[in-house]
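These notes concern the structure reproduced below.
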Ligand code: WQD
């Protein structure tokens, strides 16, 4: 069965392509290489032994999207990762984010509506909840006003899909709200490749440990949490990738209860920044050079998933721990720096 993965050379996309191929799916990747490298294709092939079909294509070019789907009208499902995802950058470049994250979604959905099989998995984010009033966070938690254009594009994206599904019963869709994806494939063939100075915690930790960065700044230790630092739900990217295959199979096998469903994807366990650092130090045997700095604008105090719906309805749960994820992130960092 032919599955299209947009953004399939990105961090979560590439790990999902591996898991799709492991399940025997025939994968086509579209990526514009704006935030990924063509070398990732070799990494995927090295793991699975099967080179996915790849097309470099900018989904903002509507005629190119139409042309692609006209050629590949036998696609059984689409997993849509392609989007810009840096919260801070989105504040500086809102129009770039709305064009790249919203226009492309509309163009892809318009083409899917012409297909015989209309199965669509959308890459969403726990960012839609903002600072949730209740923890752990369930899928029924209210969507709060977005704190960044990036988060707004995820909220708008879900609304676009939901409203389209309402008038098109043939379109079946699942939005997956990720908590904090971290780690790398155990083979060290693929992993996170942040551009420039990493915004996210774990790549900054590994780049500090390998000597690329001078010191990690912990953004605030005066939050109302046990150790004063923010709490997040760090989920291993391989567990996250497997959830996409389970969600796709749910649609392919018509197991969905409605034609627009939402699932939180997390471990259900919250870890503070200092706990994440301790986990890294334990698995790497390295003392991390960090200091306590001021709070970062826009950070929520705590966010971790209620996993009941994903576990009991979707039928998926995480198997890997924070230590597993940190160990894989460190192995990957050493591999790409040839250390
Ligand atoms: C985690 C914690 C920081 C860097 C964002 C997006 C989310 C998703 C994942 C795309 C926070 C602290 C971080 C550093 C630090 N992205 N931190 N020093 O902000 O929870 O989520 O990335 O989908 O949508 O919002 O992840 O890794 O940036 O931060 O102390 O150098 O680590 O304050 O508490 P975040 P993060």
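Residue numbers (this note's numbering): 295 to 633. We treat Cβ as the ideally placed atom computed from N, Cα and C, and that holds for glycine. If you're wondering where the values come from, they're calculated on a predicted model, not measured in any experiment.
Using CA coordinates, which residue listed in the options is at the minimum distance from residue i?
i	options	result
residue 466	428, 456 and 498	456
residue 468	559, 499 and 488	559
residue 588	601, 531, 297 and 513	513
residue 348	302, 627 and 510	302
residue 501	430, 620 and 413	620
residue 591	493, 471, 626 and 599	493
residue 342	431, 615, 480 and 366	480
residue 521	380, 595 and 407	595
residue 527	503, 617 and 548	617
residue 598	429, 344, 448 and 504	429
residue 351	365, 339, 437 and 327	327
residue 557	584, 544 and 463	544
residue 389	447, 510, 577 and 419	447
residue 471	345, 503, 549 and 603	603
residue 364	405, 547 and 533	405
residue 378	367, 325, 414 and 415	325
residue 561	585, 530 and 538	530
residue 409	432, 420, 366 and 564	366
residue 549	431, 505, 413 and 432	413
residue 563	431, 631 and 299	431
Tell me which same chain residues have a C-beta within less than 6 Å of the C-beta of residue i, skipping the five on either side of it?
i	result
residue 629	482
residue 295	319 and 370
residue 496	476 and 623
residue 411	370
residue 486	305 and 497
residue 478	485, 622, 623 and 626
So, with DSSP's three-state summary, where would you put residue i?
i	result
residue 317	coil
residue 607	helix
residue 478	coil
residue 598	coil
residue 456	helix
residue 513	strand
residue 404	helix
residue 463	coil
residue 484	coil
residue 500	helix
residue 380	coil
residue 399	helix
residue 389	helix
residue 300	strand
residue 617	helix
residue 506	coil
residue 470	strand
Identify, in the order they occur along the chain, each residue of the same chain with its Cβ nearer than 8 Å to the Cβ of residue i, setting aside the five sequence neighbours on each side.
i	result
residue 278	This structure cannot settle anything about residue 278, because the visible part of the chain is limited to 295 through 633.
residue 297	314, 319, 320, 321, 322, 369, 370, 371, 372, 373 and 542
residue 312	338, 341, 342, 479, 484 and 535
residue 577	617, 620, 621 and 624
residue 362	324, 349, 351 and 405
Give every residue of the same chain whose Cβ lies closer than 7 Å to the Cβ of residue i, excluding the five residues on either side of it in the sequence, and list them in chain order.
i	result
residue 567	495, 512, 523 and 524
residue 401	353, 356 and 359
residue 555	468
residue 605	611
residue 426	435 and 597
residue 458	403 and 465
residue 449	422, 437 and 440
residue 582	499, 502, 503, 510, 571, 574 and 575
residue 613	533
residue 519	525, 566, 595 and 596
Quick one: is residue i near chain D, going by C-beta distance under 9 Å?
i	result
residue 316	Of the chains in the structure shown, none is chain D; there is only one protein chain.
Exercise for the section: Spell out a yes or no on whether the stretch 309 to 324 and the stretch 380 to 393 are touching, meaning 3 or more CB-CB pairs, one atom from each, closer than 8 Å. Expected result: As far as the Cβ criterion goes, the stretch 309 to 324 does not touch the stretch 380 to 393, which means the pair count is below three.
Exercise for the section: Would you list, in sequence order, the uninterrupted alpha helix (DSSP H) runs of no fewer than 4 residues that lie entirely inside the stretch 517 to 592? Expected result: Counting only unbroken stretches of 4 or more residues, the alpha helix (DSSP H) elements lying wholly within the stretch 517 to 592 are 531 to 546 and 567 to 578, in sequence order.
Exercise for the section: Only counting runs of 3 or more residues, tell me where the beta strand (DSSP E) segments fall wholly within the stretch 330 to 372, in order along the chain. Expected result: If we require 3 residues or more, the beta strand (DSSP E) runs fully inside the stretch 330 to 372 come out as 347 to 350.
Exercise for the section: Could you tell me which uninterrupted beta strand (DSSP E) segments, each at least 3 residues in length, are contained entirely in the stretch 410 to 446, listed from first to last along the chain? Expected result: The stretch 410 to 446 contains, as complete beta strand (DSSP E) runs of 3+ residues, the segments 413 to 419 (chain order).
Handout entry: Any 3 or more C-beta pairs closer than 8 Å across the stretch 391 to 400 and the stretch 441 to 449
Key = They touch, by the three-pair rule.
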